[in-house]
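Accompanying notes for the structure given below.
Encoded structure:
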């Protein structure tokens, strides 16, 4: 109980302290970033490469000669997992649109996502705490919460089932893919990752908000509090979001163990090759090095453009998976260190038409810490 009170208080203090201490920085960002000039923009680049003809025709109908193109969120297809910054700018004021800053960083990066959110975020975006909106019954980091807890947390953020969601992060495509996957696990398909994230948004010259409103701060704190109350068996409300659990999208340790023998799913690991091979130590103490027997390594960064950190087009993604012998005709499960970048692999496969990719939630942090799990290395 003491730890629960501490964590809740800590979150509030993290918001309030960082908010007050970053005021001068916030003013700098406010004056530095200016709105992009009014202009005619072509349709976002990903649509030209990846949207099927029927959807392309629909979007073309939205053009008016001599006017800037505008779209409705209803023209975004759930077959395509990302949207461009231009698309988001055109749809940002849609009343059913919710934008989530889901930034999260590795501990050794020494970056504070809450502080960075308060310094600069997409206008109107809410903060989604990846560590806070998680299972409170395990020591494993940011594990998927129960459906009841997830519903309570996102309801506290003001999210409803009718909402269209765009999730972004501060690196380009990283932790946003995790939150995209979480919503899909709980039955919400109208969710997209912002291609290139906040860096792409800012590089395109679009405005950022340089301070978090008190309402946004209260909602983020309320979401974490709702999670804690749910796990304590206390009532929360009102609940505006109903979940519909999709068990095929999330795997546990026992399923991965069985898959070593049954080989029903191709297993792809998103960690770096040195960590996969066992040549580099794991960043968390007490975790063995190596990989799950039979798994293959595709570091998540290889699915992203080096410059823009956007998701590669279909043909390049297919080539990358083909190189590792991954067949689009067979089921896939992905993993990584803590279940974050495994979701980037799922995002890439979704672009290739595989919408049923499972993610091993505990990933290597769970597997490598067990005494009874097989570990392979590629070292001689």
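In the numbering used here, the protein residues as written are 57 to 436. Even glycine gets a Cβ: it sits at the ideal position worked out from N, Cα and C. Note that the structure is predicted; figures quoted are calculated from it, not measured.
Taking only the alpha-carbon atoms, compute the straight-line gap between residue i and residue j and give it to the nearest angstrom.
| i | j | result |
| --- | --- | --- |
| residue 342 | residue 425 | 6 Å |
| residue 397 | residue 326 | 6 Å |
| residue 295 | residue 211 | 5 Å |
| residue 185 | residue 350 | 34 Å |
| residue 375 | residue 387 | 18 Å |
| residue 340 | residue 197 | 11 Å |
| residue 302 | residue 430 | 28 Å |
| residue 226 | residue 156 | 11 Å |
| residue 384 | residue 180 | 38 Å |
| residue 283 | residue 131 | 33 Å |
| residue 217 | residue 334 | 43 Å |
| residue 418 | residue 394 | 6 Å |
| residue 271 | residue 277 | 10 Å |
| residue 148 | residue 377 | 34 Å |
| residue 161 | residue 231 | 8 Å |
| residue 268 | residue 238 | 24 Å |
| residue 330 | residue 292 | 45 Å |
| residue 423 | residue 164 | 21 Å |
| residue 207 | residue 357 | 31 Å |
| residue 310 | residue 242 | 21 Å |
| residue 167 | residue 298 | 33 Å |
| residue 347 | residue 420 | 8 Å |
| residue 201 | residue 188 | 10 Å |
| residue 263 | residue 257 | 8 Å |
| residue 194 | residue 158 | 21 Å |
Under 8 Å Cβ to Cβ from residue i, same chain only, skipping five residues before and after it: list those, please.
| i | result |
| --- | --- |
| residue 380 | 324, 352, 353 and 354 |
| residue 219 | 152, 153, 154 and 246 |
| residue 407 | 106, 136, 137, 138, 367, 370 and 373 |
| residue 240 | 247, 302 and 305 |
| residue 199 | 190, 191, 395, 417 and 418 |
My output table needs one value for residue i: the three-state DSSP class, helix, strand or coil.
| i | result |
| --- | --- |
| residue 238 | helix |
| residue 275 | helix |
| residue 160 | coil |
| residue 270 | helix |
| residue 432 | strand |
| residue 300 | coil |
| residue 370 | helix |
| residue 23 | Outside the shown range of the chain, which is 57 to 436, sits residue 23, and nothing can be said about it. |
| residue 391 | strand |
| residue 154 | strand |
| residue 416 | strand |
To which residues of the same chain is residue i closer than 6 Å at the C-beta, ignoring the five residues directly before and after it?
| i | result |
| --- | --- |
| residue 307 | 389, 414 and 416 |
| residue 100 | Only weak support is given to the placement of residue 100: the predicted model assigns it a pLDDT of 35, under 50, and the value that follows is read from those uncertain coordinates. Contacts found: 140, 142 and 143. |
| residue 192 | 287 |
| residue 103 | Interpretation of residue 103 is limited by its pLDDT of 33, a score under 50 that renders its predicted location unreliable; the figure taken from the coordinates is listed afterwards. Around residue 103: no qualifying Cβ. |
| residue 213 | 182, 275 and 279 |
| residue 260 | 141 |
| residue 234 | 396 and 399 |
| residue 315 | 321 |
| residue 228 | 252, 253, 255 and 365 |
Going by beta carbon distance, what residues of the same chain come within less than 7 Å of residue i, once the five residues before and after it are set aside?
| i | result |
| --- | --- |
| residue 361 | 368 |
| residue 337 | 345 |
Is there at least one Cβ from chain C nearer than 8 Å to residue i's Cβ?
| i | result |
| --- | --- |
| residue 285 | Considering every chain present, this structure includes no chain C. It has just one protein chain. |
Problem set entry | Contact between the region 137-148 and the region 235-254 (3+ Cβ pairs under 8 Å) | yes
For this session: Let me know the alpha helix (DSSP H) ranges lying completely inside the region 311-365, each 4 residues or longer, listed in chain order.
Result: 329-333
For this session: Would you mind listing the alpha helix (DSSP H) stretches within the region 168-248 that are 4+ residues and don't spill past its ends, in chain order?
Result: Listed in chain order, the complete alpha helix (DSSP H) runs (minimum 4 residues) inside the region 168-248 are 169-175, 203-212 and 232-241.
Exercise. Can you find at least 3 beta carbon pairs, one from the region 167-181 and one from the region 398-414, that sit closer than 8 Å?
Worked result: No, because fewer than three Cβ pairs between the region 167-181 and the region 398-414 fall closer than 8 Å, the two stretches do not touch.
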